[in-house]
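First comes the structure, then the notes that go with it.
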Amino acid sequence: MSIDEELRYELRQAAESMHCPPHLDERVRQSYQHYLNEKRGKSPMKKRLIAGVIAVAILIPSAVFASSYLADDIFGSSEAIEQRGGSQEAYQEIEGMLQTAKAKLTEVEFKEFKESFKQLMQLKLKITDENGIKHEEKLTEEEQRQWRELGSKLAPYFEKIQGNEKQ
Amino acid sequence: MNDNELHMWLEKAAIGDESAFQLVYQATHQDVYRTVAFLIYNKQDIEDIVNEVYMRMWRSFHTYDPNRPFRFWLHGITVRLVQDWKRKAWRRIRLFERNRQLTSEHCDWTDKAVLQSEMQHDLFGLVRQLSYKLRVVVILRYFHDYALEEIADILQIPVGTVKSRHHLALKELRKQFGMTGGDAYVN
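Sequence order for the protein chains is A and B. Numbers 1 to 167, taken from the UniProt record's numbering, label the letters of the first sequence in order. Numbers 1 to 187, taken from the UniProt record's numbering, label the letters of the second sequence in order.
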């Protein structure tokens with residue numbers, strides 16, 4: 001017998017002893033059922049998947065913009081300071097400072113810093129008129145106390161941000 | 001069941017006729033299972049791939065060219081899925097699952113003939129020890145009786161490559177088989 005014939009014979013013999021396990025029949029049948037359900041559009045999984053994809057598609061752009069401008073978290077948008085005599089450049093400067101802060105401070109520190117800074121900026125917006133002139137007398141006594149408190153709270157952070165910048 | 005009938009049943013199965021599915025499955029499942037089992041040795045993997053082959057059959061029914069043999073198309077799907085399986089990362093996802101099973105099931109191959117062959121070092125045992133690239137050519141050539149050109153088509157590689165793998169595989173088998181006491185084959 002040549003090796004060709006021998007191989008044919010051996011492989012056929014071996015194949016005879018291999019049997020597709022019966023439990024696989026059931027598994028393939030279930031896969032087929034799944035395929036049919038999907039084809040008929042009845043699959044709740046598929047619908048959920050589509051909904052998920054759409055949700056992600058909507059969320060991604062807003063997440064990208066939200067994270068690209070830290071200053072937007074503070075002011076909402078650059079319009080808020082432009083209405084009060086601020087410029088786009090000033091806004092970018094604040095943004096730059098926030099980015100530095102984010103890089104230099106720890107996560108916990110930055111969170112606290114951002115929160116305090118936001119409160120301070122809101123007070124500042126309140127006392128600044130459309131020409132950029134400050135009227136500190138507009139603040140109530142409570143707000144003035146808050147103003148001083150925030151200032152002293154933020155001072156060490158500013159030192160850290162600017163101090164590191166010089167190095 | 002001839003090719004025309006199979007094609008017809010497959011078409012019915014693809015559009016949702018469950019009895020047609022049963023017919024196609026009964027007519028093909030042993031062949032698919034054995035082809036995969038010749039190429040892949042982990043029992044769990046074999047079953048996963050066989051399942052995939054059928055999923056692919058319904059889905060890519062439209063790529064079947066009725067002018068060519070049905071089994072040629074089927075073996076093309078099967079071999080490509082085996083190759084995907086070896087390559088793709090989705091295999092790793094199931095590693096967790098498999099590791100759990102391995103602890104309770106050490107020997108997943110139970111077919112007696114296979115165990116015997118490996119112990120006896122007979123010709124089939126030697127085929128199983130060939131590298132995958134050589135083995136797949138041997139299986140398609142000697143189990144499915146494809147011409148080397150057809151094998152090149154199924155594996156999507158040049159005929160020259162198939163020829164050299166075929167040659168290498170036989171050389172290897174002759175060498176090993178001679179050494180383990182079989183007849184010396186001179187071609």
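No residue lacks a Cβ here, since even glycine has one placed at the ideal position from N, Cα and C.
With a 10 Å radius around its C-beta and 16 neighbouring C-beta atoms as the bar for buried, classify residue i as buried or exposed.
i, result
"His-34/A", "exposed"
"Gly-163/A", "exposed"
"Thr-106/A", "exposed"
"Ser-17/A", "exposed"
"Asp-45/B", "buried"
"Tyr-41/B", "exposed"
"Gly-86/A", "buried"
"Ser-2/A", "exposed"
"Glu-159/A", "exposed"
"Thr-63/B", "exposed"
"Val-108/A", "exposed"
"Glu-6/A", "buried"
"Thr-140/A", "exposed"
Kindly list, in the order they appear in chain A, the residues whose Cβ is closer than 9 Å to that of residue i.
i, result
"Met-55/B", "Val-28, Ser-31, Tyr-32, His-34 and Tyr-35"
"Ala-147/B", "Result: empty, since nearest Cβ-Cβ is about 13 Å, beyond 9 Å."
"His-29/B", "Cys-20, Leu-24, Asp-25 and Val-28"
So for residue i, helix, strand or coil by DSSP?
i, result
"Thr-161/B", "helix"
"Lys-134/A", "strand"
"Thr-128/A", "strand"
"Asp-145/B", "coil"
"Asp-65/B", "coil"
"Arg-84/A", "coil"
"Tyr-157/A", "helix"
"Gly-182/B", "Note on Gly-182/B: pLDDT 47, under 50, position unreliable in the model; the coordinate value appears next. Looking at Gly-182/B - three-state DSSP - the assignment turns out to be coil, as it is neither helix nor strand."
"Thr-140/A", "coil"
"Gln-83/B", "helix"
"Asp-17/B", "coil"
"Leu-70/A", "helix"
"Ile-40/B", "coil"
"His-75/B", "helix"
"Ser-17/A", "coil"
"Asn-4/B", "helix"
"residue 171/A", "This structure cannot speak to residue 171/A, because chain A is shown only from 1 to 167."
"Gln-156/B", "coil"
"Leu-7/A", "helix"
"Leu-130/B", "coil"
"Lys-88/B", "coil"
"Gln-122/B", "It is worth fixing the name first, because residue 122/B is Asp in this sequence and not Gln. The answer is coil: DSSP assigns Asp-122/B none of H, G, I, E or B."
"Arg-40/A", "coil"
Quick check on this structure: which residue in the options has the alpha carbon closest to the alpha carbon of residue i?
i, options, result
"Val-28/A", "Leu-39/B, Trp-9/B, Asp-48/B and Ala-20/B", "Asp-48/B"
"Glu-18/B", "Glu-5/A, Tyr-32/A and Ala-51/A", "Tyr-32/A"
"Glu-11/B", "Met-57/B, His-166/B, Pro-69/B and Glu-150/B", "Met-57/B"
"Gly-76/A", "Glu-95/A, Arg-40/A and Glu-159/A", "Glu-95/A"
"Glu-52/B", "Ala-27/B, Ala-20/B, Val-82/B and Asp-122/B", "Val-82/B"
"Asp-72/A", "Gln-88/A, Arg-48/A, Val-108/A and Arg-12/A", "Gln-88/A"
"Gly-16/B", "His-19/A, Leu-36/A, Ile-3/A and Glu-26/A", "Leu-36/A"
"Gln-156/B", "Leu-130/B, Trp-73/B, Tyr-142/B and Asp-3/B", "Trp-73/B"
"Glu-115/A", "Tyr-157/A, Cys-20/A, Thr-128/A and Glu-93/A", "Tyr-157/A"
"Lys-86/B", "Gln-26/B, Thr-63/B, Ser-131/B and Val-127/B", "Ser-131/B"
"Glu-149/B", "Gly-160/B, Asn-4/B and Gln-129/B", "Gly-160/B"
"Asn-67/B", "Leu-173/B, Arg-174/B, Asn-4/B and Val-162/B", "Asn-4/B"
"Ile-161/A", "Glu-136/A, Phe-110/A and Arg-148/A", "Phe-110/A"
"Asp-129/A", "Gln-83/A, Ser-78/A and Leu-49/A", "Gln-83/A"
"Val-50/B", "Gln-176/B, Asn-2/B, Pro-69/B and Asp-84/B", "Asp-84/B"
Report the neighbours of residue i on chain A: residues whose CB is nearer than 8 Å to its CB, in chain order.
i, result
"Trp-58/B", "Tyr-32 and Tyr-35"
"Glu-47/B", "Pro-21, Leu-24 and Arg-27"
What does residue i reach in chain B if we use C-beta pairs closer than 9 Å?
i, result
"Leu-49/A", "The premise fails here: Leu-49/A is roughly 17 Å from chain B at the closest Cβ pair, so nothing lies under 9 Å."
Residue i versus chain B: which residues are under 7 Å apart at the beta carbon?
i, result
"Arg-8/A", "Tyr-142"
So which residues on chain A does residue i lean against when the C-beta distance must stay under 7 Å?
i, result
"Ala-37/B", "Met-18"
Report yes or no: do the segment 111-122 of chain A and the segment 142-153 of chain A share at least 3 C-beta pairs separated by less than 8 Å? yes
Using a Cβ distance threshold of 8 Å, determine whether the segment 131-150 of chain B contacts the segment 161-170 of chain B, with at least three qualifying pairs required. yes
Three Cβ pairs or more, each shorter than 8 Å: is that satisfied between the segment 65-80 of chain B and the segment 23-35 of chain B? yes
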